[in-house]
DNA sequence: TAAATAACTAAGCATTCGCTTAGTTTTAAC
DNA sequence: GTTAAAACTAAGCGAATGCTTAGTTATTTA
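Residue numbers (our numbering), protein chains in the order written: chain A, 1265 to 1451; chain B, 1265 to 1451.
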C-alpha cells in the first residue's frame, strides 16, 4: 500500500541514547539528533512524537541495557558483596573507550529542572527508586546487620553511587576503584 | 562629569549568584538575569561584559561566602573531625529555607560540557581542587593514619561530597545527616 | 500498469537565545 | 546655564531552538 520505513526504530534510538548519554537532554538539539540518528526531523517526529518522546525511548533502552547488571544484583543472595559488584559493573557499563560517561539518568537529573519537565523527571525518579530498593533487599540478606540501620545505609550507598556518576568524569580509573573499595570498607 | 550607576554591582551579583545557584548556568537566560538583578541588559553587559562574566563574578562571590566554612577547615588541627564538620556546615550553607540547592560549582560542573565553555570549566576545577587539598592537609594531621592511603581517602571524601550535592535535592534532611555520619564511620 | 498512501526531503514557522545599538535621560564640570 | 559624557531605555539583530508543513518519491495492492 505504501512505502516502508528506511530505518529501524530500535537502531536509531540506540544512537540517540548514546548522544543523550554523552551530552545531556537540553544540550542535545533535534538537529544533532538528526545527524546522529541518520534520519530527517520529519521521521523523528513521526516515529517518536517529539524530542521528549525520543528521550523517553532512550531511557527505556538504557533501562533494558543496564538490566544485564541489575539482574545480577536482583538474583544474588550475597548481601552487600553483590552491591559492591554492582558498583564495579556500573563503572564498566558507563565506560566508552577511555572515558566514563556517568549514568544517563543521573546526568539528566542534574540537568533538568523539576518543574521544567515533570514527565522526564518522573521517569528518572522511578529509575533511581528501583536501584535503592535493590540495595535494601540485598542489605537485608546479611544476618548480622541491624535492620534499623538498613534504610540509612541504602541512602549512604545511593549517595556514593550518585557521586560516582560525577566522579567518573573527573577521576582516573584507579582512583574510582579506590573510591568504591573505601565506600564498602567496614559497612 | 556624568551620570552615576543606579545600582550596586556587588548587590546585583548577589542576586545573579542565587539565580545561577537555583537554576544552573545554561538554564539561566539573560532575560531572567535582567529581572532578578533588577537592571537592564545594557547595564549587565556594561558592568560584566557578557553572561559568562556575570557567572565568573558569581563564582567569586560564592567563593567568598563559602570561605566562612572553608576557613574553619583551613584553621583546624583536628584531622578528620574537622572535615566532617565541613560536610555539615556545607549542608547548612546550601540550604535556602526548606530546600537544599546543592553546591553552585558542582551543579554547574554537571551541566556544562567540558569543551563548550573551557573558561568556566577551569574556574570550577580550581574550586574543587582547593577543597580536596584541604582534605589532604587535614587527613595528614591524624597520626595513626597510613600516609599511603590519604590520597585515596581524599578522593573518597570528594566523591561523598559530590554525591551530597545531588542527594541534598532528593533526600530529606535527616537522611542527609545519616549519610554524612556513615561516610565518616571507621574512616 | 495505475491508484493509493506511507515515508521521505527541505523549506520555513514562531520563539528564544546572547548580544548590540540607536536614541534619551541624568549628572558632573565648567 | 551649557556642555559633555556616562547610564539608562527599548527595540531589534542574527543564530539556534523545537516543531510543522507543502511537495516529492517509493512501494504495496488491485
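Ideal placement from N, C-alpha and C gives every residue a C-beta, glycine not left out.
Since the model is a prediction, treat every value here as computed from it, not as a measurement.
According to the neighbour-count rule (16 or more other Cβ atoms, all chains shown, within 10 Å of its Cβ), is residue i buried or exposed?
{"i": "residue 1370 of chain B", "result": "buried"}
{"i": "residue 1271 of chain A", "result": "exposed"}
{"i": "residue 1373 of chain B", "result": "buried"}
{"i": "residue 1440 of chain A", "result": "buried"}
{"i": "residue 1356 of chain B", "result": "exposed"}
{"i": "residue 1305 of chain A", "result": "exposed"}
{"i": "residue 1378 of chain A", "result": "exposed"}
{"i": "residue 1402 of chain B", "result": "buried"}
{"i": "residue 1425 of chain B", "result": "buried"}
{"i": "residue 1287 of chain A", "result": "buried"}
{"i": "residue 1308 of chain A", "result": "buried"}
{"i": "residue 1366 of chain A", "result": "buried"}
{"i": "residue 1449 of chain B", "result": "exposed"}
{"i": "residue 1280 of chain A", "result": "buried"}
{"i": "residue 1380 of chain A", "result": "exposed"}
{"i": "residue 1314 of chain A", "result": "exposed"}
{"i": "residue 1332 of chain B", "result": "exposed"}
{"i": "residue 1427 of chain A", "result": "buried"}
{"i": "residue 1294 of chain A", "result": "exposed"}
{"i": "residue 1383 of chain B", "result": "exposed"}
Tell me which residues share the same chain as residue i and place their Cβ nearer than 6 angstroms to its Cβ, disregarding the 5 neighbours each side in the sequence.
{"i": "residue 1283 of chain B", "result": "1292 and 1300"}
{"i": "residue 1407 of chain A", "result": "none"}
{"i": "residue 1353 of chain B", "result": "1333"}
{"i": "residue 1429 of chain A", "result": "1366, 1367 and 1370"}
{"i": "residue 1350 of chain B", "result": "1337"}
{"i": "residue 1348 of chain B", "result": "1448"}
Residues in the same chain with beta-carbon distance under 7 angstroms from residue i, minus the five sequence neighbours each way, listed in chain order, please.
{"i": "residue 1273 of chain B", "result": "1311"}
{"i": "residue 1340 of chain B", "result": "1346 and 1402"}
{"i": "residue 1322 of chain B", "result": "1277, 1280, 1281 and 1284"}
{"i": "residue 1297 of chain A", "result": "1280, 1283, 1308 and 1318"}
{"i": "residue 1330 of chain B", "result": "1357"}
{"i": "residue 1451 of chain B", "result": "1344 and 1417"}
{"i": "residue 1385 of chain B", "result": "1376 and 1378"}
{"i": "residue 1360 of chain B", "result": "none"}
{"i": "residue 1438 of chain B", "result": "none"}
To the nearest whole angstrom, what separates the beta carbons of residue i and residue j, a pair I think is in contact under 8 angstroms?
{"i": "residue 1277 of chain B", "j": "residue 1419 of chain A", "result": "Contact doesn't hold; Cβ gap of about 35 angstroms is too wide."}
{"i": "residue 1446 of chain A", "j": "residue 1416 of chain B", "result": "6 angstroms"}
{"i": "residue 1423 of chain A", "j": "residue 1358 of chain B", "result": "The pair is not a contact, with the Cβ atoms about 14 angstroms apart (cut-off 8 angstroms)."}
{"i": "residue 1399 of chain A", "j": "residue 1368 of chain A", "result": "Rounded, the Cβ-Cβ distance is 19 angstroms, inconsistent with contact."}
{"i": "residue 1343 of chain A", "j": "residue 1436 of chain A", "result": "29 angstroms between Cβ atoms; not a contact."}
{"i": "residue 1387 of chain A", "j": "residue 1320 of chain A", "result": "6 angstroms"}
Leaving out the 5 sequence neighbours to the left and right, which residues in its chain are closer than 8 angstroms to residue i when beta-carbon positions are compared?
{"i": "residue 1290 of chain A", "result": "1375 and 1376"}
{"i": "residue 1433 of chain B", "result": "1363, 1364, 1365 and 1366"}
{"i": "residue 1316 of chain B", "result": "1381, 1383 and 1384"}
{"i": "residue 1327 of chain B", "result": "1391"}
Interface residues of the stretch 1267 to 1282 of chain A facing chain B [CB-CB below 8 angstroms]: none
Three CB pairs or more closer than 8 angstroms across the stretch 1407 to 1419 of chain B and the stretch 1332 to 1339 of chain B: no
Residues in the stretch 1426 to 1443 of chain A having any Cβ partner in chain B nearer than 7 angstroms: 1426, 1427, 1428, 1430, 1431, 1435, 1439, 1442 and 1443
Residues, ordered as in the chain, of the stretch 1400 to 1419 of chain A that lie near chain B by beta-carbon distance below 7 angstroms: 1416, 1417 and 1419
Given 8 angstroms, three or more beta-carbon pairs between the stretch 1391 to 1401 of chain A and the stretch 1389 to 1406 of chain B: no
Within 8 angstroms of chain A by C-beta, residues of the stretch 1349 to 1380 of chain B in sequence order: 1370, 1371, 1373, 1374, 1375, 1377 and 1380
Residues within the stretch 1297 to 1324 of chain B neighbouring chain A, beta-carbon criterion of under 7 angstroms: none
Chain-ordered residues of the stretch 1322 to 1345 of chain A with a beta carbon less than 8 angstroms from chain B: none
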